[in-house]
Structures are given as structure tokens and as C-alpha cells.
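Undergrad: The sequence shown begins at 1 in full-length UniProt numbering and counts up by one.
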Amino acid sequence: MRYTNITAPDSIIIEAEKAMSFYPALKDTPIEFKFNDMVRKNFMQAQPTYKSIFKSRKNRSYIILISKEFKVENEIFTIDQIPSDVLTGWLGHELGHVMDYRSRSTFNMIIFGLKYLYSHAHIQEVERAADDYAVRHGMGEYILKTKNFILNHTSLSEKYKKHMRKFYLSPEEILELINRYGETGEKPSQDELAPN
Numbered sequence: 001m002r003y004t005n006i007t008a009p010d011s012i013i014i015e016a017e018k019a020m021s022f023y024p025a026l027k028d029t030p031i032e033f034k035f036n037d038m039v040r041k042n043f044m045q046a047q048p049t050y051k052s053i054f055k056s057r058k059n060r061s062y063i064i065l066i067s068k069e070f071k072v073e074n075e076i077f078t079i080d081q082i083p084s085d086v087l088t089g090w091l092g093h094e095l096g097h098v099m100d101y102r103s104r105s106t107f108n109m110i111i112f113g114l115k116y117l118y119s120h121a122h123i124q125e126v127e128r129a130a131d132d133y134a135v136r137h138g139m140g141e142y143i144l145k146t147k148n149f150i151l152n153h154t155s156l157s158e159k160y161k162k163h164m165r166k167f168y169l170s171p172e173e174i175l176e177l178i179n180r181y182g183e184t185g186e187k188p189s190q191d192e193l194a195p196n
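(1) Taking residue 52 as the reference, which of 39, 42, 32, 66 has the closest Cα?
(2) As an exercise, report each continuous alpha helix (DSSP H) stretch of at least 4 residues that is fully enclosed by the region 75-114, in chain order.
(3) Can you check which of these residues, 161, 174, 180, is closest to residue 89 by C-alpha distance?
(4) Output the residue ranges of the alpha helix (DSSP H) runs that lie fully inside the region 117-163 and measure 4 residues or longer, sorted by chain position.
(5) Comparing alpha-carbon positions, which option in 156, 168, 55, 4 lies nearest residue 110?
(6) Taking C-alpha atoms, which residue in 34, 165, 137 lies nearest to residue 24?
(7) Tell me the start and end of each unbroken alpha helix (DSSP H) in the region 5-68 that is at least 4 residues and wholly inside, in chain order.
(8) Cα separation between residue 21 and residue 91?
(9) Between residue 94 and residue 46, how many whole angstroms is the CB-CB distance? I'm expecting something under 8 Å.
(10) Compare the Cα-Cα distances from residue 36 to each of 48, 147, 66 and report the closest residue.
(11) Taking the continuous alpha helix (DSSP H) assigned at residue 169, which residues delimit it?
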């Protein structure tokens, strides 16, 4: 394994390491990619670990919970049905959340979590920011493949696709960001490299 700071199931380690390669600022941040069937609403969910939430930003660890099965209405998808590049993009989006969380104080993270539970506008802002982080770090093509997989997958319900269109960047918006930042992304800010 190239990244000693991460743990991941063998079945997704290649995609996890590929996604991590776009985030050099996370090379010393402990991150666990873990299968968990209790993920609600989405296929994946990134969050600080409970034991590290009250630590300083630079000493936090994170967990990315991944459902092995994802049910949309009556259709069930498994992790094995997702193409490698699409899975890499999905993990890259979750790592975008980790980048966002690294810049937040403990108090801000608590407020953030409460707003995520109750505010659709906040959910939209947060999910779009994670996409933006991923594209800025050079993952634009992977994020685009993930969006197109979701929006063009005939078995996914229109209700779920509508949810994705509402809260996440569209393929067109992602292309605009790729054009703005370039295919390899822009240089991360000093704040991203060394959170307090």
C-alpha cells in the first residue's frame, strides 16, 4: 500500500489510493474507508471519527462509510457493479468533504452537522463544495464520469436523479470548473496544506 495513513477493504484499495493521489495535503491524515450498511440516503458518507472530533484540526482522523449495497426505490446496486473510474470519482468527492472538514473548528463542525440535518440549502452548498474541491485537485474527469454514470444509468429512478441534480453540481458545471481550473486542477492554498 502506498498510503500508510489509510485503511481500506482490499476490494476498493486501488480506487482509494488513486483518489488519495489527488490530495497530497491528506498524506498524513488518518482516513479509514469502511464498508457500513447503515449509511443513510447516500452511497457514501465522510465524517470525522467520534474520538477525534474534539481534537485540533491537524490531529483529527476521518472515516468514509461506504454501503456495499445501495437501494434506490426497488433497485439494488452493489459496489461491484460500479466501474473503477466511477468509484474513484465517488471516493474523490468524499475526500473533498474531508478537505472541507479540515478547515473547520470543532464548534463549526457541530453547527455544520446540525445544519446538514435540517437545511436543504446547506446540503446543496456542502455537496457542491465537495465536488469543487475534487475538481480543483485535478479529479474533474473522474467526477464527471461519476455524475454521468448516475444521471445516465437507466435503472436509477428519476426521483434519485432529481435529488442528484438538486444538490450536486451538474456535468455542465463540472466541465466549467475543469475549464476554469485546468485538467490537473489548481494549486491548493496554504490553508489546505496545513490546517491549524
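From the three backbone atoms N, C-alpha and C, an ideal C-beta is built for every residue, glycine too.
TA: Answer, in terms of the structure:
(1) Restricting attention to 39, 42, 32, 66, the CA atom closest to the CA of residue 52 is found in 32.
(2) The qualifying runs are 84-102.
(3) When each option's Cα is compared against that of residue 89, the closest is 174.
(4) Runs of the alpha helix (DSSP H) inside the region 117-163: 120-134, 140-152.
(5) Of the candidates 156, 168, 55, 4, the one whose C-alpha sits nearest the C-alpha of residue 110 is 55.
(6) Answer by Cα proximity: 137.
(7) Runs found: 13-20.
(8) Their Cα atoms are separated by approximately 11 Å.
(9) Rounded, the Cβ-Cβ distance is 4 Å, consistent with contact.
(10) Residue 66 is the option with its Cα nearest to residue 36.
(11) That residue, residue 169, is in no alpha helix (DSSP H); it is neither H nor E in DSSP.
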